[in-house]
Amino acid sequence: MLGGSTTFIQKGTTTKTERILKLFTLTLLGFCGGSPALPALAQTRVTIDFDSVAPFTDFPTYSEDGFTLTPNVGEVRINNAFAPFSNAAQPSFGFGQGLDSGFTFTSDLHLPFSLLSIDLLEATVFPDSFGVTLIGTRWDSSAVTQTLTLDGIAGAQTFTLPSSFSDLRSLRIAEDTANGFFIDIVQIDNVQFAVVPEPGTWSLFGLSMGVVLLRVFYEKRQKRAA
């Protein structure tokens, strides 16, 4: 038509705004599509079992699967001298000798973690009721404490911890002050943690999903255009 202008939009093409909206939608779908897998990413379970080293060995500090165990005094002593005869750890000075002979777990990557369960072995010729206190320090500097009481029977007991032992930055294992100077040989084994990934892991996961969907969308458009 004379004196005017006509804009033609070819069928099958998209405007710049539509392309941006589609890209945003794909990225959003990437985050949403990944949501069923988030629980798996949210927690990675790790069990410290001390089985990868030679028994009857002392360490200034002991590291396994991203965690380091540091003694307050002495060394971390690992042996398999008591039932169930697999490696377990104890303070080299032992509990009940008037020393601050506990030790502390920390994450090597400085990630928040939860304590799920722990085995305690009472390994004396004459076992008795004995208390071990767990002290978790959270990232907000608050503390959670629980004392586990051994039953006085030689061998291992498994203790499951409540959900309050979460978002930890350190876990201290010490004897209960109510023990007094009673001496008992107590070992720890099969310490099960759940580690929460860094926030960047979530972003990377969502972004990668968005890229995959964008690639699928691009390939479909290429096939239609062919």
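In the working numbering, the protein residues as written are 225 to 450. Virtual Cβ for every residue (Gly too), placed ideally from N, Cα, C.
- Message: Extract the residue ranges of the beta strand (DSSP E) inside the region 329-390, only unbroken runs of 3 or more that lie entirely within it.
- Response: 337-346, 353-362, 367-375 and 379-384
- Query: Looking at the structure shown, is V415 part of a helix, part of a strand, or coil, going by DSSP?
  - Reply: strand
- Message: On the CB-based measure, 16 or more other CB atoms within 10 Å of its CB, does S365 come out buried or exposed?
- Response: exposed
- Item | Outcome for P386 when other beta-carbon atoms lying within 10 angstroms are tallied against a minimum of 16 | exposed
- Could you give the C-beta distance for Q419 and F337, rounded to a whole number, given that I count them as a contact under 8 Å? Here residue 419 turns out to be Val, not Gln, going by the sequence shown. So it is a contact: roughly 5 Å between Cβ atoms.
- Message: Out of D375, S331, F327 and N303, which one is the CA nearest neighbour of S276?
- Response: N303
- Query: Does the distance from the C-beta atom of V300 to that of F317 stay below 8 Å?
  - Reply: no
- Using a threshold of 8 Å, state whether the C-beta atoms of F354 and L339 are closer than that. no
- Determine the burial state of D343: buried for a count of at least 16 other Cβ atoms within 10 Å of its Cβ, exposed for fewer. When all chains shown are included, D343 counts as buried.
- Of the choices T281, S287 and W363, whose alpha-carbon is the least far from that of I272? S287
- Tell me where the beta strand (DSSP E) around N303 begins and ends. Annotation: the continuous beta strand (DSSP E) that includes N303 extends over V300 to N303.
- Query: How would you call A312, buried or exposed, if buried means at least 16 neighbouring beta carbons within 10 angstroms?
  - Reply: The residue is buried, with at least 16 neighbouring Cβ atoms inside 10 Å.
- Query: Where do the N-terminal and C-terminal ends of the beta strand (DSSP E) with I409 fall, by residue?
  - Reply: That residue, I409, is in no beta strand (DSSP E); it is neither H nor E in DSSP.
- List the residues that DSSP assigns as beta-bridge partners of Q267. Answer is none; Q267 lacks a bridge partner.
- Query: Looking only at C-alpha atoms, which of Q381, I359, F291 and P284 sits nearest to F417?
  - Reply: Of the residues Q381, I359, F291 and P284, the one whose Cα lies closest to the Cα of F417 is F291.
- Alpha carbon of V368 to alpha carbon of G360, nearest angstrom: 5 Å
- Task: My understanding is that T371 touches D413, with C-beta atoms under 8 Å, so please give their C-beta distance in whole angstroms.
- Result: In fact, because the Cβ distance is near 19 Å, the residues do not count as touching under 8 Å.
- To the nearest angstrom, report how far apart A398 and S325 are at their CA atoms. 7 Å
- Using beta-carbon positions only, say whether F309 and A347 come within less than 8 Å of one another. no
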